[in-house]
Amino acid sequence: MRFVIAIEPSTTTTAFGVVVPDLPGCFSAGDTIDEALDFVLEAIDLHLEGIIEDGGEIPLSKPIAEHLANPDFAGWIWAIVTVDVSRFEKQEEINISLPNDLL
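In the numbering used here, each number is its position in the sequence shown, counted from 1, plus 800.
As structure tokens, this is what we get:
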């Protein structure tokens, strides 16, 4: 699943901040952009885990164009990250029979 992220540029006294607008409360930071991107992937995973544990559903990401209009993120860098959410999907156990030549 793809998530839009907003990266706040660093300054001489602050690190790169990263916010996931479609996951309120999900944020991270890093001393470099690469570090910030690595950390935000971990933050998203933990945030989604909390949502699922609380009985919620993974929210869909809004189009990046909607986020670009948000003045709270003026001057920030925009990116999209892909997160494997398959471990959060409900699993069903089934028994099937297949011909031997397919195995």
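We treat Cβ as the ideally placed atom computed from N, Cα and C, and that holds for glycine.
Predicted model, so just to flag it, every value in this text is computed and none were measured.
- Put simply, the stretch 860-877 touches the stretch 815-833. At least three CB pairs are less than 8 Å apart.
- Approximately 6 Å separates the beta-carbon atoms of A806 and W878; this is inside 8 Å, confirming the contact.
- In the three-state DSSP reduction, V881 falls in the strand class (E or B).
- Taking C-beta atoms under 8 Å as the contact rule, V804 and H867 qualify, at a distance of about 5 Å.
- E842 carries a helical assignment under DSSP once its states are collapsed to helix, strand and coil.
- A869 and F827 have their alpha carbons spaced roughly 19 Å apart.
- Contact annotation: F888 and L848 have beta-carbon atoms nearer than 8 Å.
- Ranked by how close their Cα comes to the Cα of G856, the residues V883, K890, D872 and F873 have K890 in first place.
- A residue is called buried when at least 16 other Cβ atoms come within 10 angstroms of its Cβ; A843 meets this threshold and is buried.
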